[in-house]
Amino acid sequence: MSINLTAFVPHPPLIITEIGGDNITQVANTIRALEKLNELIYQLSIETLIVFANQNDLIDNAFGINHASSLTADFATFGDITKYSPYKNDIELSYQIREYLETRQSVVLYSDEKLHYSVGIPLFYLLKNLPNTKVIPINNSQLNYERHWQFGNQIKDCCINSNKRIGIIASGNLSHCLTEDAPGGLSIRGKEFDNFVIDNLKKKNISRLLDIDQQLIAEAKPSGYRTLITLLGVLKNTQFETEILSYEYPLGIGYLTANFKLQ
509 MSINLTAFVP HPPLIITEIG GDNITQVANT IRALEKLNEL IYQLSIETLI
559 VFANQNDLID NAFGINHASS LTADFATFGD ITKYSPYKND IELSYQIREY
609 LETRQSVVLY SDEKLHYSVG IPLFYLLKNL PNTKVIPINN SQLNYERHWQ
659 FGNQIKDCCI NSNKRIGIIA SGNLSHCLTE DAPGGLSIRG KEFDNFVIDN
709 LKKKNISRLL DIDQQLIAEA KPSGYRTLIT LLGVLKNTQF ETEILSYEYP
759 LGIGYLTANF KLQ
């Protein structure tokens, strides 16, 4: 199997040194978890990292594959004007994925050298000191969870026979309603949602995650739940163990880092 790593990661701007400053200690557990994944990417000799993310300008009925040859993290929105070294896109594999999905899903190719922060923030740690690892950013759509799960499974089918060593990451934050000063305000359903997700990931109960109560989603206000569903599609019919590397919510937002250890 050429998919050698699968993980779910958060994207808190606070973990970037120039943004977090002295407050970076609040997300120390998340940073350590991402650094552990960085070590795994190195140890597993991952050549290409596919990143599922909930980016800007989602297309209602299609997934998007960014095939810009050079990809640069840009955190100016958060006050960080540092010019970071660009990542290389795996153009060859992105076209192979597009061709494979052509008759199976609605997929568009687009070109944007500026990475959305939901991709750039986790890559800051995941690919630190790994300049040769290429990246393929893939956007969610507004399609339902079933379509995202199917999409993830089709990505796996496309990549499984590749001669490259591939890692697949889903970037997303859990509830935005975990404390009184959280962006979404405090809701008791926020913690209920996060516990539900973590518990069912540990138990590998994929069907419950697919059939989640939509009212719970609405009240918990996660961002990127579809990216998790897409990743679970990748894991369909795959033997794995869930390793929770970190979970914290210093700003009222649930930051989960999980490694799905492939058997």
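So the sequence shown is numbered by the working numbering: it starts at 509 and just counts up by one.
Where a beta carbon is used, it is the ideal one built from N, C-alpha and C, also for glycine.
Would you say the region 586-593 touches the region 662-669, given that touching needs at least three Cβ pairs under 8 Å? no
Measuring alpha carbon to alpha carbon, tell me which residue in N661, P639 and R655 is nearest T746. On the sequence shown, residue 746 is found 238 positions in, with the first residue counted as 1. Checking every option, the nearest Cα to that of T746 belongs to N661.
Please report the Cβ distance between G741 and L686, rounded to the nearest whole angstrom; I am assuming they are in contact, meaning their Cβ atoms lie under 8 Å. Sequence index remark: in the sequence shown, residue 741 carries index 233 (1-based). Sequence index remark: in the sequence shown, residue 686 carries index 178 (1-based). G741 to L686, Cβ: 27 Å. No contact.
Distance CB(K596)-CB(K636) smaller than 8 Å: Numbered from 1 along the sequence shown, position 88 holds the residue referred to as residue 596. Numbered from 1 along the sequence shown, position 128 holds the residue referred to as residue 636. No, these two residues do not count as a Cβ contact at 8 Å.
Pick helix, strand or coil for A678, following the three-state DSSP scheme. Translated into positions along the sequence shown, residue 678 becomes position 170. Collapsing the DSSP output to three states places A678 in a strand.
Among the candidates G680, D707, D719 and K672, whose CA atom is the shortest distance from the CA of G762? One-based indexing of the sequence shown puts residue 762 at position 254. Among G680, D707, D719 and K672, the Cα nearest to that of G762 belongs to G680.
Alpha carbon to alpha carbon, how far is P645 from E700? On the sequence shown, residue 645 is found 137 positions in, with the first residue counted as 1. On the sequence shown, residue 700 is found 192 positions in, with the first residue counted as 1. Using only the alpha carbons, I get a separation of about 30 Å.
Could you tell me whether the Cβ atoms of L579 and L623 are closer together than 8 Å? In the sequence shown, counting from the first residue as 1, residue 579 sits at position 71. In the sequence shown, counting from the first residue as 1, residue 623 sits at position 115. In contact: L579 and L623 (Cβ atoms closer than 8 Å).
Quick one: is P630 buried, meaning 16 or more other Cβ sit within 10 Å of its Cβ, or exposed? Walking along the sequence shown from the start, residue 630 turns up at place 122. Result: buried.
List the residues that DSSP assigns as beta-bridge partners of F659. Residue numbering aside, residue 659 sits at position 151 when the sequence shown is read from its first letter. In DSSP, F659 forms no bridge with anything.
8 Å Cβ shell around G693 - same chain, five flanking residues per side excluded: Residue mapping note: residue 693 aligns to position 185 of the sequence shown, counting from 1. So the qualifying residues of the chain are C685.
What does the Cβ neighbour count give for Q563, buried or exposed, with the cut at 16 atoms within 10 Å? The residue given as residue 563 occupies position 55 in the sequence shown. So Q563 counts as buried.
Look up G572 in the DSSP assignment and say whether it is helix, strand or coil. If you number the sequence shown from 1, residue 572 lands on position 64. Three-state DSSP puts G572 in a strand.
Check whether E621 and A584 have beta carbons under 8 Å apart: As a first step, residue 621 must be located in the sequence shown, where it is residue number 113. As a first step, residue 584 must be located in the sequence shown, where it is residue number 76. In this structure, E621 sits away from A584, with a CB-CB distance that is not shorter than 8 Å.
Quick test of your reading: Y633 and L542, contact by CB under 8 Å. State the CB separation rounded to the nearest angstrom. The residue you call residue 633 lines up with position 125 of the sequence shown. The residue you call residue 542 lines up with position 34 of the sequence shown. So it is a contact: roughly 4 Å between Cβ atoms.
Backbone CA spacing between Y592 and V627 [nearest angstrom]: As a position in the sequence shown, residue 592 is number 84, starting the count at 1. As a position in the sequence shown, residue 627 is number 119, starting the count at 1. Taking the straight line joining both Cα atoms gives about 14 Å.
What three-state label does DSSP hand E621 in the structure shown? Looking up residue 621 in the sequence shown gives position 113. Assigned with DSSP and collapsed to three states, E621 falls in coil, not helix or strand.
Starting from I599, follow the alpha helix (DSSP H) in both directions and report where the run begins and ends. Here residue 599 refers to the residue found at position 91 of the sequence shown. It spans I599 to L609 - the alpha helix (DSSP H) in which I599 sits, taken as one unbroken run.
Per DSSP, the bridge partner or partners of N647: As a working mapping, residue 647 is identified with position 139 in the sequence shown. According to DSSP, which records beta bridges pairwise, N647 is partnered with A561 and G572.
Residue closest to D568, alpha-carbon to alpha-carbon, out of S649, K712 and I714: What you label residue 568 is simply residue 60 of the sequence shown in a count that begins at 1. Comparing Cα-Cα distances from D568 to each of S649, K712 and I714, the minimum goes to S649.
Would you decide whether T735 is buried or exposed? Buried here means 16 or more other CB atoms lie within 10 Å of its CB. Along the sequence shown, read from residue 1 onward, the residue named residue 735 stands at position 227. That one is buried.
Can you pull the DSSP bridge partners for A515? The residue labelled residue 515 in the question sits at position 7 within the sequence shown. Answer by DSSP bridge pairing, in chain order: I677 and N767.
With a Cβ-Cβ cutoff of 8 Å, do V615 and F571 count as a contact? Locating residue 615 in the sequence shown gives position 107, counting from the first residue. Locating residue 571 in the sequence shown gives position 63, counting from the first residue. Yes.
Smallest Cα separation from D721: which of E749, E547 and Y653? As a working mapping, residue 721 is identified with position 213 in the sequence shown. Among E749, E547 and Y653, the Cα nearest to that of D721 belongs to Y653.
Span of the alpha helix (DSSP H) around F701: As a position in the sequence shown, residue 701 is number 193, starting the count at 1. Taken as a continuous stretch (DSSP letters only), the alpha helix (DSSP H) holding F701 covers I696 to K710.
Taking DSSP's pairing of strands, which residues face L579 in a bridge? Here residue 579 refers to the residue found at position 71 when the sequence shown is read from its first residue. Answer is Y595.
Closest residue to L651 among K672, Y733, N713 and A690 (Cα-Cα distance): The residue labelled residue 651 in the question sits at position 143 within the sequence shown. The residue with the shortest Cα to Cα distance from L651 is Y733.
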